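Visitor:
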Amino acid sequence: MAYYRAVGSVPPKRHTQHRDETGFLYREELMGEEGFSSDSSLLYHRGVPSAIVDSVPWQLPDQGRTPNHPLKPRHLKLHGLFPALGEGEGACPVEGRRLVLGNNDVRISYVVTGTDASPIYRNAIGDECVYVQEGSGTVETVFGVLPYRTGDYVLVPRATDHRWVPAEPSRLYAIEANSHIAPPKRYLSRYGQLLEHAPYCERDLHGPTEPHLVEGTDVEVLVKHRVSNLPGGVGGSRLTYATHPFDVVGWDGCLYPHTFNVEDYMPITGKVHQPPPVHQVFEGHNFVVCNFVPRKVDYHPLAIPVPYYHSNVDSDEVMFYVGGDYEARKGSGINIGSISLHPGGHAHGPQPSAIEASLGAEAFEELAVMIDTFLPLDLGEAGLASEDPAYAWTWAGRGPDRSDIDDESGDGGSAVYSNS
Numbered sequence: 002m003a004y005y006r007a008v009g010s011v012p013p014k015r016h017t018q019h020r021d022e023t024g025f026l027y028r029e030e031l032m033g034e035e036g037f038s039s040d041s042s043l044l045y046h047r048g049v050p051s052a053i054v055d056s057v058p059w060q061l062p063d064q065g066r067t068p069n070h071p072l073k074p075r076h077l078k079l080h081g082l083f084p085a086l087g088e089g090e091g092a093c094p095v096e097g098r099r100l101v102l103g104n105n106d107v108r109i110s111y112v113v114t115g116t117d118a119s120p121i122y123r124n125a126i127g128d129e130c131v132y133v134q135e136g137s138g139t140v141e142t143v144f145g146v147l148p149y150r151t152g153d154y155v156l157v158p159r160a161t162d163h164r165w166v167p168a169e170p171s172r173l174y175a176i177e178a179n180s181h182i183a184p185p186k187r188y189l190s191r192y193g194q195l196l197e198h199a200p201y202c203e204r205d206l207h208g209p210t211e212p213h214l215v216e217g218t219d220v221e222v223l224v225k226h227r228v229s230n231l232p233g234g235v236g237g238s239r240l241t242y243a244t245h246p247f248d249v250v251g252w253d254g255c256l257y258p259h260t261f262n263v264e265d266y267m268p269i270t271g272k273v274h275q276p277p278p279v280h281q282v283f284e285g286h287n288f289v290v291c292n293f294v295p296r297k298v299d300y301h302p303l304a305i306p307v308p309y310y311h312s313n314v315d316s317d318e319v320m321f322y323v324g325g326d327y328e329a330r331k332g333s334g335i336n337i338g339s340i341s342l343h344p345g346g347h348a349h350g351p352q353p354s355a356i357e358a359s360l361g362a363e364a365f366e367e368l369a370v371m372i373d374t375f376l377p378l379d380l381g382e383a384g385l386a387s388e389d390p391a392y393a394w395t396w397a398g399r400g401p402d403r404s405d406i407d408d409e410s411g412d413g414g415s416a417v418y419s420n421s
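In terms of my numbering, the sequence shown opens at residue 2 and continues consecutively.
1. Could you tell me the distance, in whole angstroms, from the CA atom of E328 to the CA atom of T151?
2. Give the secondary structure of Y154 by DSSP, where H, G and I count as helix, E and B as strand, and everything else as coil.
3. Mind checking whether H245 and A125 have CB atoms under 8 Å apart?
4. So, at 7 Å on beta carbons, what are the nonlocal neighbours of E211 in its own chain, with the 5 sequence-adjacent residues on each side left out?
5. Please report the straight-line C-alpha distance between L223 and D265, rounded to a whole angstrom.
6. Have a look at Y315 and R47 and give me their C-alpha separation to the nearest angstrom.
7. Out of curiosity, what's the CA-to-CA distance linking A118 and G346?
8. So does the segment 265–280 actually touch the segment 60–68, counting three or more Cβ pairs closer than 8 Å?
9. Report all residues from its chain with a CB closer than 7 Å to the CB of D389; omit the five preceding and five following residues, and keep chain order.
10. How long is the line joining the alpha carbons of R428 and C291, rounded to whole angstroms?
11. Output yes or no for whether 8 Å exceeds the beta carbon distance between S171 and T114.
12. Would a C-beta distance cut-off of 8 Å place P62 and L173 closer than the cut-off?
13. Just how far apart, CA to CA, sit C255 and Y4?
14. How long is the line joining the alpha carbons of K297 and D205, rounded to whole angstroms?
15. Check A329 in the structure and name its three-state DSSP category.
16. Measure the alpha-carbon distance for Y1 versus L214 and round it to whole angstroms.
17. Please work out which residues of its chain come closer than 6 Å, Cβ to Cβ, to P472, disregarding the five sequence neighbours upstream and downstream, and give them in chain order.
18. Please report how far the alpha carbon of A397 lies from the alpha carbon of S238, in whole angstroms.
19. By the three-class DSSP mapping on this structure, what secondary structure does H280 have?
20. Suppose contacts are defined by Cβ-Cβ distances below 8 Å. Is T116 in contact with E30 by that definition?
21. Taking 8 Å as the threshold (C-beta atoms), are R15 and Y257 in contact?
22. Within 8 Å of any Cβ in chain D, is that where the Cβ of E211 sits?
23. Please list, in chain order, all residues of the same chain as E177 whose beta carbon is under 6 Å from its beta carbon, the five residues on each side excluded.
24. When the Cα atoms are used, what is the spatial distance from F83 to A383?
25. Measuring CA to CA, which of Y322, D253, L360 and I356 is closest to I372?
26. Along the chain, where does the beta strand (DSSP E) that runs through E382 open and close?
27. List the endpoints of the continuous beta strand (DSSP E) containing S42.
28. Mapping DSSP to helix, strand and coil, what is Y300?
29. Using DSSP with H/G/I as helix, E/B as strand and the rest coil, what is L100?
30. DSSP on L368, reduced to helix/strand/coil?
31. Would Y132 and V370 qualify as a contact pair, given that the criterion is a beta-carbon distance under 8 Å?
32. Using DSSP with H/G/I as helix, E/B as strand and the rest coil, what is R6?
33. If we call anything under 8 Å between Cβ atoms a contact, is S42 one with D253?
34. What three-state label does DSSP hand D205 in the structure shown?
35. Indicate whether V235 and L102 have their beta-carbon atoms separated by less than 8 Å.
Structure, rendered in structure tokens:
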């Protein structure tokens, strides 16, 4: 987070006594990135934030990964991983996440929740950026409460105690980093302010507005943390705290959870087709997050609105299709709730029929979230479980057995999303 906020009761000077009306001394906690050398906040607790009375293993959902070998593009149908929204009880927003794709820098998971709250949870490995494909509710945190709604990115800094409280069944697309997640550096001043050419500004970022005080003893917190000898280096522990973590009477600083809604993203357009970096919204170590939102498209008289063929020589490209009209992809199987994985080492782009069909288009109505990674992505158990095995051959119209791919469009399968 780049700018300062103060919530609740804090003393005039940091690292000085802060007492309640009875004289009780609050416990000050510094939550800071990169040791003491980057963004931080100071929190004032009623209890002792380090007072644990028990710690036992927490068995995480399957974190195993399978390499994308032999190399091929993939289509993953996420909506098939869980019952339809609102049908059945739904899964836990934290423990019900299923790993779709991952590498040593980032893990992508998916869950369809019910309306039961999650346990209190802390990711001690990296920041989380959870895209709300559908649904609403709140995220209760040690900093206060964040409402969420469809289209929100919910950004939770590393080691923030929080729990998800869905008001209705929700589809959550979780991007879990091994690093911090922030706005692209090119959109920030040297002091951290979002600049005039950035596609969003501080007014679009919504943090907690008041403390969220909860009392309790012997409170369990699920902690995801580094364990060198487990799959992906990721392990879990159940820590029991003597007092409730949500006991903060006030805090101030530049590090806190917040939301940003995709509707507030102002797309950058051009006279000819613009490359994916203009759609970037966040970045982490060795990966970026982009969103492709409804927008006007290229206005050169000879413009081709769909992308040119491109080879990802340095990255794997993951596109999550969230909303809009996918007629341009008829025959490939791509639809809302799909993920396409186009790996480094494989050129991808439109079918000729999709190119011709796009000529003269004035606007695109699609909505998608894209992640580009700079290390190869492996498939998690949910990626393997949701794969459409015919997708890789849709450009050619036939598979390795030389049989024709079923294609209602008659064009050999249109493997193009207008933004990919």
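A virtual CB, placed ideally from N, CA and C, is assigned to each residue, including glycine. Quantities reported herein were computed from a predicted structural model and do not represent experimental measurements.
Guide: By the coordinates alone:
1. Working through the sequence shown from its first residue, we reach residue 328 at position 327. Working through the sequence shown from its first residue, we reach residue 151 at position 150. With a pLDDT of only 45 at E328, under the threshold of 50, the placement of this residue in the model should not be trusted, and no figure is reported.
2. Start at 1 with the first residue of the sequence shown, and residue 154 comes out as number 153. In the structure shown, Y154 adopts extended strand secondary structure according to DSSP, grouped into three states.
3. In the sequence shown, residue 245 corresponds to position 244, counting from 1. In the sequence shown, residue 125 corresponds to position 124, counting from 1. Not closer than 8 Å, so no.
4. Here residue 211 refers to the residue found at position 210 when the sequence shown is read from its first residue. Once the five neighbours on either side are set aside, the close Cβ partners of E211 are V8, G9 and G145.
5. Here the question's residue 223 lines up with position 222 in the sequence shown. Here the question's residue 265 lines up with position 264 in the sequence shown. Rounded to whole angstroms, the gap between the alpha carbons of L223 and D265 is 33 Å.
6. What you label residue 315 is simply residue 314 of the sequence shown in a count that begins at 1. What you label residue 47 is simply residue 46 of the sequence shown in a count that begins at 1. Per the sequence presented here, residue 315 reads as Asp, with Tyr not at that position. In this structure, the straight-line span from the alpha carbon of D315 to that of R47 is close to 49 Å.
7. Residue mapping note: residue 118 aligns to position 117 of the sequence shown, counting from 1. Residue mapping note: residue 346 aligns to position 345 of the sequence shown, counting from 1. Roughly 42 Å separates the two Cα atoms.
8. Verdict: no, contact absent.
9. Your numbering for residue 389 matches position 388 in the sequence shown. Answer for D389: H76, K78 and G334, listed in chain order.
10. The requested residue 428 does not occur in the structure, where the chain is confined to residues 2 to 421.
11. Taking the sequence shown and counting its residues from 1, one reaches residue 171 at position 170. Taking the sequence shown and counting its residues from 1, one reaches residue 114 at position 113. Yes.
12. Within the sequence shown, numbered from 1, the residue matching residue 62 stands at position 61. Within the sequence shown, numbered from 1, the residue matching residue 173 stands at position 172. The Cβ-Cβ distance between P62 and L173 does not fall below 8 Å.
13. For the purposes of this step, residue 255 is identified with residue 254 of the sequence shown, where counting begins at 1. For the purposes of this step, residue 4 is identified with residue 3 of the sequence shown, where counting begins at 1. Near 5 Å, if we compare the C-alpha coordinates of Y4 and C255.
14. Taking the sequence shown and counting its residues from 1, one reaches residue 297 at position 296. Taking the sequence shown and counting its residues from 1, one reaches residue 205 at position 204. Using only the alpha carbons, I get a separation of about 21 Å.
15. Start at 1 with the first residue of the sequence shown, and residue 329 comes out as number 328. For A329, the predicted structure reports a pLDDT of 47, less than 50, and the residue's modelled location is therefore unreliable. A value from the coordinates is still provided. Three-state DSSP puts A329 in a helix.
16. Because the chain in this structure spans residues 2 to 421, residue 1 falls outside the shown range and cannot be described.
17. This structure leaves residue 472 out entirely; the chain is present only between 2 and 421.
18. What you label residue 397 is simply residue 396 of the sequence shown in a count that begins at 1. What you label residue 238 is simply residue 237 of the sequence shown in a count that begins at 1. Approximately 48 Å between the Cα atoms of the pair.
19. The residue given as residue 280 occupies position 279 in the sequence shown. DSSP places H280 in helix when its eight states are reduced to three.
20. By one-based count along the sequence shown, residue 116 stands at place 115. By one-based count along the sequence shown, residue 30 stands at place 29. E30 is positioned such that its CB atom lies no closer than 8 Å to that of T116.
21. Within the sequence shown, numbered from 1, the residue matching residue 257 stands at position 256. Within the sequence shown, numbered from 1, the residue matching residue 15 stands at position 14. Contact: no.
22. No chain D is present in this structure, which holds just one protein chain.
23. If you number the sequence shown from 1, residue 177 lands on position 176. Only R108 and E129 meet the Cβ criterion.
24. The count along the sequence shown starts at 1 and reaches residue 83 at position 82. The count along the sequence shown starts at 1 and reaches residue 383 at position 382. Roughly 10 Å separates the two Cα atoms.
25. Translated into the one-based positions of the sequence shown, residue 372 becomes position 371. Checking every option, the nearest Cα to that of I372 belongs to Y322.
26. Position 381 of the sequence shown, counted from the start, is the residue given in the question as residue 382. No beta strand (DSSP E) contains E382, which is instead part of the alpha helix (DSSP H) from E382 to A386.
27. Along the sequence shown, one-based indexing puts residue 42 at 41. That run of the beta strand (DSSP E) goes S41 to H46.
28. One-based indexing of the sequence shown puts residue 300 at position 299. Reduced to three states, the DSSP call for Y300 is coil.
29. As a first step, residue 100 is located in the sequence shown; it is residue number 99 there, counting from the start. Of the three classes helix, strand and coil, the one that applies to L100 here is strand, per DSSP.
30. Residue 368 sits at position 367 when you count from the first residue of the sequence shown. In this structure, L368 counts as strand in the three-state DSSP scheme.
31. As a position in the sequence shown, residue 132 is number 131, starting the count at 1. As a position in the sequence shown, residue 370 is number 369, starting the count at 1. Yes, they are a contact pair.
32. By 1-based counting over the sequence shown, the position of residue 6 is 5. Here R6 sits in strand by DSSP.
33. Residue numbering aside, residue 42 sits at position 41 when the sequence shown is read from its first letter. Residue numbering aside, residue 253 sits at position 252 when the sequence shown is read from its first letter. Going by C-beta atoms, S42 is nearer than 8 Å to D253.
34. Locating residue 205 in the sequence shown gives position 204, counting from the first residue. Annotated three-state conformation of D205 is helix, per DSSP.
35. In the sequence shown, counting from the first residue as 1, residue 235 sits at position 234. In the sequence shown, counting from the first residue as 1, residue 102 sits at position 101. Judged by their CB atoms, V235 and L102 are not nearer to each other than the 8 Å cut-off.
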